[in-house]
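Below is one structure, written out as structure tokens; the observations come after it.
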Amino acid sequence: MCKRVMGLLATVGVLLGSACAESSKMDWWQQDKFGMFIHWGPSSVAGVEISWARESHPFDHLGELNNVPDEVYDALHKEFNPVEFDADEIVRTAKEAGMKYLVFTAKHHDGFSMWPTELSGYNIMNTPYKRDICREFAAACRKYGLKLGWYYSTRDWYHPDYLVDDNSKYNDFYHGQIRELLTNYGEVSVLWFDHVAGAWNDYRFKELFDMIYELQPGIIVNDRAAKFVHGHLAGTPDPELVELTKGDFHTPEGKVGVFHKDFPWETCMPMSKGPDGHGGWSYRPEAITASFDKCAEMLAACVTGCGNMLLNIGPMADGSLRTSEFENLKEFKPWIETYGESIYGTEGGPFISGQWGGSCMKDDTLYLHIFRWENGTLELPALPRTVLTCEELGGETITFLQSDDSLSLRIKDGKKRSLHSVVKLQLEPGLELALMPVEGRAPRKQHGSLVDPLASNKKSGE
């Protein structure tokens, strides 16, 4: 990671644009901001949480209704026949929604492979469907210009060799599966691991990463390849390897990350959640879908906090999308057409995010994503550069007053608003702006508690 520091402002605070971690590799991802996550597999036949509903490894919060006996869960693939699945429609919808990349669950913790792997019979070709779903997503992503990513769970609660003896047989197996995924589907831009268990010496991580970068030199990898391995956080005899397995970006789950510029991060968020607020990554009929306004607000919260958002959908057993999730995706199209300039290619700051909203910049343009007005007004710290123009995107001109002490914005009619507003300020060219807290505004809490993107997850239900 490298840092740029402007000498004149170094004593003022952390600088906007200070992080440029491996910019040549990460540039596209940090510019694109918004991706689609897809959790899908035979669990959709029973309408239960993917993997965690398997009885021997239940997700604690799902309760007895989701504890499916292993022999029943492991046989669901025999009924998996998603005849309504259309990768072209899903990827086209993602593109129209403004999503720039797609990450699909090639294999989740339940061990089922959604491609015709040669290393296990527990795969898509042994279903009534008998089609390579990974290949169809790869082709659709190429057609519509989305970057392709694979989610791969190193955890495998089905495989008989997982964490047996020295784990060498399982290492051979999962390295071989990663090789298939990075060899047979063209360019792969993201590899999204999801946690492991066992001891550090149970895995051959150096060998794994050497293979990954040999097969896909430009790929970016998340921070979960070695997460939860014993000794990972405490340190090992090979600190360089520990650093390598931290990957290229952090992954706060189900929660919006706090403002953080020191390392790239991406919130993965299910669009639908169980009635108790947990799970919902894969299709569950009782899940409750977040409103479109909440989804758009979460995207803006991630972007103004210097992060990305990977928004998850869970197709149904027949391959079609849940109506509520599909409608949200369709609503993103006009929203992105109006507000997309305040999302793509921006960098969070200079105002630190809070319940009021957040800010981001692109060149000399400052965007304010305002979630909460107070009696139609918003008071912000003084800007050291002159505001030339001020307008609400998709709305009318906002009245503003700039002084040495503050920047005050007021809605034209003076009425209190609760809806998400995006205000565009054109600034006089000048020096970069230091980060500034917004006094009197509490830290933001939305769709769950805020988390530090660099902190380890205490527990994963993903």
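FYI, the numbering for the sequence shown is -21 to -1, 1 to 441, going by mature numbering (1 follows the signal peptide of the UniProt record, and there is no 0). No residue lacks a Cβ here, since even glycine has one placed at the ideal position from N, Cα and C. As the structure is a computational prediction, the values presented were derived from the model and not from experiment.
Item: Residues near SER321 in its chain [Cβ-Cβ closer than 6 Å; skip 5 each side]; Value: TYR346 and VAL401
Item: Own chain partners of GLU166 with C-beta closer than 6 Å, once the 5 adjacent residues on each side are dropped; Value: none
Item: For GLN405, three-class secondary structure by DSSP; Value: strand
Item: Given 8 Å, three or more beta-carbon pairs between the stretch 262 to 275 and the stretch 298 to 310; Value: yes
Item: Nearest-angstrom Cα separation, counted from LEU289 out to VAL282; Value: 11 Å
Item: Three-pair Cβ contact test at 8 Å for the stretch 368 to 386 versus the stretch 292 to 302; Value: no
Item: Pair within 8 Å by beta-carbon distance, PHE91 and TYR131; Value: no
Item: Cβ shell of PHE64 (< 6 Å), same chain only, five flanking positions each side left out; Value: GLY298
Item: MET190 versus MET15, PRO107, ASP151 and THR344, residue with shortest Cα-Cα distance; Value: ASP151
Item: Close Cβ partners of LYS109 (< 6 Å) along its chain, the five nearest in sequence each way excluded; Value: none
Item: Integer-rounded CB distance, given that GLY177 should sit under 8 Å from VAL208; Value: 6 Å
Item: Which of helix, strand or coil DSSP assigns to LEU212; Value: At LEU212 the pLDDT is 49, less than 50, meaning the model places this residue with poor confidence and gives no usable figure here.
Item: Where TRP129 sits in the DSSP three-state scheme; Value: strand
Item: Rounded separation between GLU407 and ALA280 - CA only; Value: 26 Å
Item: PRO21 classed as buried or exposed, judged by whether at least 16 other C-beta atoms fall within 10 angstroms; Value: buried
Item: Nearest residue (CA-CA) to VAL51, options GLU68, ALA32 and ASN60; Value: ALA32
Item: Residue from ILE112, ASP343 and PRO61 whose Cα sits closest to the Cα of THR84; Value: ILE112
Item: The stretch 312 to 326 / the stretch 242 to 260 touching (three or more Cβ pairs under 8 Å); Value: no
Item: Assigned secondary structure, GLU326 (DSSP; H/G/I helix, E/B strand, else coil); Value: strand
Item: Sub-8 Å separation of SER168 and TYR80 beta-carbons; Value: yes
Item: Option nearest GLU28 by Cα separation, candidates GLN9, ARG71 and ASP89; Value: ASP89
Item: Nearest residue (CA-CA) to PHE242, options PHE188, ALA204, LEU300 and GLY327; Value: GLY327
Item: Bounding residues of the beta strand (DSSP E) (the contiguous stretch that carries HIS348); Value: 344 to 349
Item: Short Cβ contact (8 Å threshold) for residue 493 with PRO107; Value: The requested residue 493 is not part of the displayed model; the chain covers only -21 to 441.
Item: Environment of ASN102 [buried if 16+ CB atoms lie within 10 Å]; Value: buried
Item: For MET78, the nearest candidate out of PRO218, GLY409 and ASP11 (CA to CA); Value: ASP11
Item: Contact set for SER278: own chain, Cβ-Cβ below 8 Å, skip 5 residues either direction; Value: According to the sequence provided, residue 278 is Leu. The question's Ser does not apply to it. Only LYS12, PHE13, MET288, LEU290 and ILE322 meet the Cβ criterion.
Item: Pair within 8 Å by beta-carbon distance, HIS18 and TRP352; Value: no
Item: Environment of SER332 [buried if 16+ CB atoms lie within 10 Å]; Value: buried
Item: Euclidean distance between Cα positions of ASP217 and TYR137; Value: 31 Å
Item: Nearest-angstrom Cα separation, counted from SER387 out to ALA361; Value: 9 Å
Item: 4-residue-minimum alpha helix (DSSP H) runs that sit fully inside the stretch 11 to 55, ordered along the chain; Value: 22 to 25 and 49 to 52
Item: Proximity below 8 Å, CB of THR224 to CB of HIS174; Value: no
Item: Identity of the residues DSSP links to PHE172 by a beta bridge; Value: TYR131
Item: Residue environment, residue 443, which counts as buried when at least 16 other CB atoms sit within 10 Å; Value: What is shown of the chain runs -21 to 441, which leaves residue 443 out entirely.
Item: Nearest-angstrom Cα separation, counted from TYR149 out to PHE188; Value: 16 Å
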